[in-house]
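Reviewing the structure listed below.
In UniProt numbering, the protein residues as written are 1 to 407.
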């Protein structure tokens, strides 16, 4: 089936402020996957796509700012079938998975979720999935944009682990926003209201098996619906959720990067990569990188050394002066903005940035030297429309204790 995806214009990355190029057309090919919900989200008006985990990913539906306000004020549905579910099972599944991540999974009970890093031997970040513990020896890793399955299969083979590693026939939808509880209650009943923050529970609706977790990529109240047998039932689940959402003016949206930047949430490939480690990006928490646990994990020695030596750079919040930068979803930031401290070469970079509609300021996340990371430090940021002033500020920019999604 052939389809041309909608084009738009975005700022060129040249130093000419007026330079604008047409966004190249994106064609559908069999070598790139489509989410099980692809045709449903397409029918709802998906206007722009990126590629994530080798899969077409709806970025927005024509109005990123309107989608932002729908998320804050109502309820939204997201096609996030791009988040592949890597299932790890078998007799050694717990010990193997505990080796993959710096968190101590003895503190993760069955029926719980954890945000985790998967680290390389040098401490670099390979991925930052949400981990779901379904059984004593069965885990799903809800993957960000990198090929963790190949990494895990290689480790299991080389180490002789008695585990089974495969992509499960599971695809998540996100239902996010302050009215998401009402939608989920209408769909699943009273029991869904008992699912705690970062907890999960399995439900059946109209013969479809769905694992519901109280998680999401929005900083708002929200849920993720992990549909089993997604290749068969995805369109039925979309229709069921959509119907349940109509009394609450449900709106389809893409991942709301303005809201996640406000919340200080990281995006793999932008803010974190194999070249960054958890200590540099603000996750030097004993619970997130547990160097005191008895078990070994990949990257433990390197991260212990990095903690002892101290890191040379840190991710900070930054306010950027001038005219609105855009929504991030609109293609307004197609590569990092270089950061300068007066004359000389770049000293860092802004990795994600946007105009916050409710703060009415340009905000972003930036990696800078430790010596330039103190609050109030003023730097220069080179954007596609010229050099602007950047000031180091607190992050998250809104709801620093993350009280909102716990309500």
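Glycine included, each C-beta is placed from N, C-alpha and C at the ideal position.
Bridge partner(s) assigned by DSSP for residue i
i: residue 353; result: 364
i: residue 138; result: 89, 135
i: residue 29; result: Residue 29 is not bridged to any residue.
i: residue 153; result: For residue 153, which the question treats as bridged, DSSP gives no partner whatsoever.
i: residue 199; result: 112
i: residue 408; result: Because the chain here runs from 1 to 407, residue 408 falls outside it and cannot be looked at.
i: residue 127; result: 118
i: residue 49; result: 58
As assigned by DSSP and simplified to three states, the class of residue i
i: residue 83; result: coil
i: residue 303; result: helix
i: residue 406; result: helix
i: residue 378; result: strand
i: residue 171; result: strand
i: residue 41; result: helix
i: residue 107; result: helix
i: residue 419; result: For the chain, the structure presents residues 1 to 407; residue 419 sits outside this window and is missing.
i: residue 250; result: coil
i: residue 66; result: helix
i: residue 21; result: The predicted position of residue 21 is uncertain, since its pLDDT is 40 and thus under 50; no value can be drawn from it.
i: residue 400; result: coil
i: residue 221; result: coil
i: residue 235; result: helix
i: residue 98; result: helix
i: residue 371; result: helix
i: residue 386; result: strand
i: residue 263; result: coil
i: residue 176; result: strand
i: residue 181; result: helix
i: residue 161; result: coil
i: residue 227; result: strand
i: residue 391; result: strand
i: residue 318; result: strand
i: residue 337; result: strand
i: residue 245; result: helix
i: residue 311; result: coil
i: residue 166; result: strand
i: residue 347; result: coil
i: residue 11; result: With a pLDDT of 35 at residue 11, under the threshold of 50, the modelled position of that residue is not reliable, and the figure given next carries that caveat. Residue 11: strand per DSSP, three-state reduction.
i: residue 205; result: strand
i: residue 289; result: coil
i: residue 192; result: helix
i: residue 75; result: coil
i: residue 281; result: coil
CA nearest to the CA of residue i, picked from the options
i: residue 236; options: 33, 302, 133, 41; result: 41
i: residue 358; options: 258, 154, 91, 39; result: 258
i: residue 133; options: 234, 361, 97, 123; result: 97
i: residue 288; options: 100, 58, 83; result: 100
i: residue 241; options: 201, 271, 103, 179; result: 179
i: residue 284; options: 102, 384, 110, 129; result: 102
i: residue 121; options: 151, 371, 112, 131; result: 151
i: residue 35; options: 60, 84, 77; result: 84
i: residue 246; options: 264, 39, 75; result: 75
i: residue 301; options: 77, 123, 39; result: 123
i: residue 222; options: 230, 213, 369, 229; result: 213
i: residue 135; options: 110, 141, 158; result: 110
i: residue 139; options: 127, 307, 112; result: 112
i: residue 182; options: 243, 156, 137, 341; result: 243
i: residue 377; options: 366, 386, 383, 344; result: 366
i: residue 319; options: 382, 389, 256, 156; result: 389
i: residue 86; options: 227, 127, 142, 402; result: 142
i: residue 363; options: 331, 341, 398, 225; result: 398
i: residue 77; options: 396, 248, 272, 407; result: 248
i: residue 290; options: 38, 27, 94, 107; result: 107
i: residue 207; options: 193, 400, 192, 188; result: 188
i: residue 339; options: 406, 382, 89; result: 382
i: residue 260; options: 342, 352, 211, 309; result: 352
i: residue 304; options: 314, 313, 293; result: 293
i: residue 80; options: 154, 310, 159, 53; result: 53
i: residue 326; options: 38, 126, 64; result: 64
i: residue 344; options: 379, 148, 273; result: 379
i: residue 92; options: 156, 144, 316, 62; result: 156
Below-8 angstroms beta-carbon distance, residue i vs any chain B residue
i: residue 313; result: Protein chains in the displayed structure number just one, and chain B is not present.
* Is it true that the region 208-223 meets the region 164-175, where meeting means three or more beta-carbon pairs spaced less than 8 angstroms apart? -> With a cut-off of 8 angstroms, the region 164-175 and the region 208-223 count as touching, because enough Cβ pairs lie within range.
* **At least three beta-carbon pairs within less than 8 angstroms, the region 194-202 to the region 44-59** => no
* Count the CB pairs spanning the region 115-124 and the region 157-168 that are closer than 8 angstroms, and state whether there are at least three. => Verdict: no, contact absent.
* Are at least three pairs of beta-carbons, each pair with one atom in the region 288-299 and one in the region 344-361, less than 8 angstroms apart? -> no
* To do: For the region 262-277 and the region 69-82, state whether three or more C-beta atom pairs, one from each stretch, are separated by less than 8 angstroms.
  => no
* Is the number of C-beta pairs between the region 239-255 and the region 55-63 that are closer than 8 angstroms three or more? -> yes
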